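For the sequence shown, the working numbering assigns the number 4 to the initial residue and increments by one for each residue that follows.
Built from N, CA and C at the ideal position, the CB exists for glycine as well.
A quick note: this is a predicted structure, and the numbers were derived from the prediction, not measured.
Below is one structure, written out as structure tokens; comments come after it.
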Amino acid sequence: MYKVYINDTPLILSPDLPDRNQSEQDGHMVARYSGKPKTLFNYIDLLEKSRNWQSVTLYDPDFDRLKSDFLGHFKKIEAAGGLIFNPAHEMLFIYRLGFWDLPKGKLEKGETPEEAALREVEEETGLNRLSLKSKAGETYHTYRVDSKKRVLKTTHWYYIDSADTALKVQHEEDIEKGEWASPKEFLEGPEGALLYRSLRDFLLETCHELIS
Numbered sequence: 004m005y006k007v008y009i010n011d012t013p014l015i016l017s018p019d020l021p022d023r024n025q026s027e028q029d030g031h032m033v034a035r036y037s038g039k040p041k042t043l044f045n046y047i048d049l050l051e052k053s054r055n056w057q058s059v060t061l062y063d064p065d066f067d068r069l070k071s072d073f074l075g076h077f078k079k080i081e082a083a084g085g086l087i088f089n090p091a092h093e094m095l096f097i098y099r100l101g102f103w104d105l106p107k108g109k110l111e112k113g114e115t116p117e118e119a120a121l122r123e124v125e126e127e128t129g130l131n132r133l134s135l136k137s138k139a140g141e142t143y144h145t146y147r148v149d150s151k152k153r154v155l156k157t158t159h160w161y162y163i164d165s166a167d168t169a170l171k172v173q174h175e176e177d178i179e180k181g182e183w184a185s186p187k188e189f190l191e192g193p194e195g196a197l198l199y200r201s202l203r204d205f206l207l208e209t210c211h212e213l214i215s
């Protein structure tokens with residue numbers, strides 16, 4: 004399975020017909036891939052233009068073909084970021100452009116995802132006593148450049164411990180503030196509603212033990 008967020012709505016690519024418990028009446032669309040790459044634009048455009056759907060799932064027993072045809076419609080870039088925890092086991096969230104987010108940024112030339120994650124966290128938060136622990140997973144989302152070129156961004160996420168708690172956020176990157184919080188309380192509170200769905204789903208699915 005491959006899940007990518009388009010306009011913060013998941014488009015799921017699968018080799019199998021998914022569980023029928025979710026229906027179009029609940030906002031979940033399921034369709035079999037026709038094998039024609041151009042038809043994928045129908046679903047991409049649908050999600051780019053509205054948020055009326057909870058999810059769209061495309062399935063094809065030839066999953067490699069489906070995924071390859073889908074990825075062929077996008078320019079690919081990579082980014083990296085951190086799930087940062089302080090000694091009190093609180094997680095760092097940053098507020099940027101009206102949404103809560105996690106520190107992250109694009110890889111620079113010749114940089115590994117691990118190096119980029121540490122650099123971006125330090126630049127965006129002012130924290131410098133950092134220790135990268137392990138990889139948490141990846142998220143995928145798309146956006147447009149100049150209303151024409153479609154970009155698919157893969158973000159590599161890492162668990163990072165911080166011995167510091169004092170923040171100096173990077174205002175030139177539109178970061179207004181940072182907040183240390185219990186992940187569970189943050190997601191269940193009013194702030195959770197202002198977290199990008201892609202990140203919310205990622206935290207709930209991939210980091211369940213930390214959130215529960």
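For Glu-141, the closest alpha carbon among the candidates Arg-132, Asn-131, His-159 and Leu-133 is that of His-159. Taking C-beta atoms as the reference points, Ala-139 and Thr-209 count as a pair closer than 8 Å. Take the alpha-carbon of Lys-6 and the one of Thr-145: they are about 11 Å apart. The beta carbon of Phe-88 lies closer than 6 Å to those of Met-94 and Asp-164 in the same chain, with the five residues before and after it left out. Rounded to whole angstroms, the separation of the alpha carbons of Trp-103 and Ser-53 is 21 Å. Under the three-pair Cβ rule at 8 Å, the stretch 161 to 178 counts as touching the stretch 119 to 130. In this structure Arg-200 touches Tyr-8 by the C-beta definition: roughly 7 Å separates them, less than 8 Å. Runs of alpha helix (DSSP H) with 4 or more residues, each lying fully within the stretch 53 to 112, are found at 66 to 74, listed in chain order. A distance below 7 Å between beta-carbons, with the five flanking residues on each side excluded, links Gly-195 to the following residues of its chain, in chain order: Phe-189 and Arg-203. Between Leu-69 and Gly-85 a beta carbon distance of about 32 Å is seen, past the 8 Å cut, so the two are scored as non-contacting. Between Leu-121 and Glu-81, the CB-CB gap reaches or exceeds 8 Å. Here the C-alpha atom of Asp-67 lies approximately 36 Å from the C-alpha atom of Arg-99. Pairing Asp-72 with Leu-43 gives a Cβ-Cβ distance under 8 Å.
When rounded, the separation of the alpha-carbon atoms in Leu-14 and Asp-167 is 38 Å. Our two residues, Ala-119 and Val-154, have alpha carbons roughly 19 Å apart in a direct line. Thr-157 has its alpha-carbon roughly 8 Å from the corresponding atom of Lys-79.
Per DSSP, the unbroken beta strand (DSSP E) holding Asp-164 starts and ends at 152 to 165.
Distance between Leu-135 and Thr-115, taken at the CA atoms: about 13 Å.
Note on Asp-63: 16 or more other CB atoms within 10 angstroms of its CB, so buried under the neighbour-count rule.
Rounded to whole angstroms, the Cβ separation of Pro-186 and Leu-170 is 17 Å, and the two are not in contact under 8 Å.
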